[in-house]
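Asks:
In the numbering used here, the protein residues as written are 56 to 419.
(1) Assuming residue 145 contacts residue 166 (C-beta within less than 8 angstroms), just tell me the rounded distance between them.
(2) Along the beta strand (DSSP E) that carries residue 161, what are the first and last residues, could you check?
(3) Between which two residues does the beta strand (DSSP E) containing residue 295 stretch?
(4) Excluding five sequence neighbours on each side, which residues of the same chain lie with their C-beta closer than 6 angstroms to the C-beta of residue 277?
(5) How many Å lie between residue 225 and residue 264 at the Cα?
(6) DSSP three-state call for residue 218: helix, strand or coil?
(7) Where residue 417 and residue 398 are concerned, what is the direct C-alpha to C-alpha distance, given to the nearest angstrom?
(8) Note the first and the last residue of the continuous beta strand (DSSP E) segment covering residue 66.
(9) How would you label residue 320, buried or exposed, when you count the other beta carbons within 10 angstroms and need 16 or more for buried?
(10) For residue 86, which residues in the same chain have their Cβ closer than 8 angstroms to its Cβ, ignoring the five residues on either side in sequence?
(11) Rounded C-beta distance between residue 352 and residue 334? I'm assuming under 8 angstroms.
(12) Could you give the distance in angstroms between the alpha-carbon of residue 229 and the alpha-carbon of residue 379?
(13) When DSSP labels each residue in this structure, what does residue 333 get in the three-state scheme?
(14) Sort 407, 223, 406, 392 by Cα distance to residue 77 and report the nearest one.
(15) In this structure, does DSSP put residue 363 in helix, strand or coil?
(16) Along the chain, where does the alpha helix (DSSP H) containing residue 282 start, and where does it finish?
(17) Compute the Euclidean distance between the alpha carbons of residue 396 and residue 287, then round it to the nearest angstrom.
(18) Evaluate residue 387 with the Cβ neighbour count: other Cβ atoms within 10 Å of its Cβ, from every protein chain shown; 16 or more gives buried, anything less gives exposed.
(19) Between the C-alpha atoms of residue 95 and residue 295, what's the straight-line distance to the nearest angstrom?
(20) For residue 91, report the span of its alpha helix (DSSP H) as first-last.
(21) Drop a sphere of 10 angstroms on the beta-carbon of residue 132, count the other beta-carbons inside from all chains shown, and report buried for 16 or more, exposed for fewer.
(22) I'd like to confirm the pairing. Which residues does DSSP put opposite residue 189 in its beta bridges?
(23) I need the DSSP call for residue 248, collapsed to helix, strand or coil.
(24) What does the alpha-carbon distance come out to for the pair residue 407 and residue 257?
(25) Quick check on the DSSP output: the alpha helix (DSSP H) that includes residue 382 runs from which residue to which?
(26) Kindly examine the ligand GDP and report whether one of its heavy atoms sits closer than 7 angstroms to the Cβ of residue 227.
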């Protein structure tokens, strides 16, 4: 079986680790994998083979030409296209049209990764040529349920994202060490990003040893730097540019502040939980990994004071916070393993193309 993982620029930049994990996992199961990402993305991938770089910008009538270029890079110059790829798996809504064209060129099945709630409604507007086998893959149960309630006429499959728990949990809030927090936010929800950041800044002013790292994306979009400057805490707030390249830094921190309740799946959040970090997160009905009191501490209210109190209590009640981090780690180990995700993908691909040979080999 040959699977093409096709990503748009935002997904490639924000979920590079996931794509690398999928490519490695599928290869380990005997699946041939190709990866295609936009040429303009700055993401650098660690893969067994170099990813195919494609042009994701251009007039609508040039899309077929651009897709043919991808097909040629995968199949080889002058080689027949039909049957070379069995499944085109699209990550990120901006590449869905390209994915459909490539599936048509290859005569392959097509899978849309519906990784955020905003894509559920869009599924209903998609149109495909007769005979094209299409399905939606849902990385979380609530998204699968939302897809099932639609009238889009496509099947859906649960392929839950997971994480790899390190052998030992990160030792958080260690005695004698300054605590560190990482503010993870896209900045697209301006009100919530600003409320959470303002609450965190108040705690920084009250706790002279607390350091905070902030994703530069949220600073640009939500104007958070001015807030830190006004509060006179710039000496303890550090920007992280290209957060995906610094995932290791996040996983060495004590606390992750995640105010985004935008119905999006984020593997960096799963990784933080798997490492035993203390997660402060806004509740989100479409993100089942956020379980108040089990995997995350959710503010009593999504206000400045609510976020302040949540962060302040996590620092004050060390034993309770450490226990919460370990609870989150155990939850991921039991319910959201990366190996389970790979197995579900192998099964879903085999089901999609009507073959059980790959699925059987993957399980024994």
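Don't be surprised by glycine CBs; every beta carbon is placed ideally from N, CA and C.
Here the structure is a predicted model, which is why all the values come from computation and not from measurement.
Replies: So, from the data block:
(1) Contact flag correct, Cβ pair sits at about 7 angstroms.
(2) Counting along the chain, residue 161 falls outside any beta strand (DSSP E), though it belongs to the alpha helix (DSSP H) covering 151–161.
(3) Per DSSP, residue 295 belongs to the beta strand (DSSP E) from 292–295.
(4) Around residue 277: 242, 245, 248, 249.
(5) Going by the C-alpha atoms only, they are around 20 angstroms apart.
(6) In the structure shown, residue 218 falls within a strand segment according to DSSP collapsed to helix, strand and coil.
(7) At residue 417, the pLDDT of 34 sits below 50, so the modelled position is not reliable; the number obtained from the coordinates is stated separately. For residue 417 and residue 398, the gap between their C-alpha atoms comes out near 7 angstroms.
(8) Not the beta strand (DSSP E): residue 66 falls in the alpha helix (DSSP H), residues 64–69.
(9) Buried is the call here.
(10) 56, 57, 58, 401, 404, 413.
(11) Between residue 352 and residue 334 the beta-carbon gap is near 7 angstroms, inside 8 angstroms, which marks them as a contact.
(12) Between residue 229 and residue 379, the C-alpha separation is close to 15 angstroms.
(13) Three-state result, residue 333: strand.
(14) Ranking the options by Cα distance to residue 77, first place goes to 392.
(15) In the structure shown, residue 363 adopts helical secondary structure according to DSSP, grouped into three states.
(16) Where residue 282 is concerned, the enclosing alpha helix (DSSP H) stretches over 279–285.
(17) Distance between residue 396 and residue 287, taken at the CA atoms: about 44 angstroms.
(18) Flag for residue 387 reads buried.
(19) Approximately 21 angstroms, taken between the alpha carbons.
(20) No alpha helix (DSSP H) contains residue 91, which is instead part of the beta strand (DSSP E) from 87–93.
(21) Of the other Cβ atoms in all chains shown, fewer than 16 fall within 10 Å of the Cβ of residue 132; this residue is therefore exposed.
(22) The beta-bridge partner set that DSSP reports for residue 189 consists of 165.
(23) Looking at residue 248 - three-state DSSP - the assignment turns out to be helix.
(24) The alpha-carbon atoms of residue 407 and residue 257 are separated by roughly 52 angstroms.
(25) Note, residue 382: alpha helix (DSSP H), 373–390.
(26) The model depicted lacks the ligand GDP and carries no ligand whatsoever.
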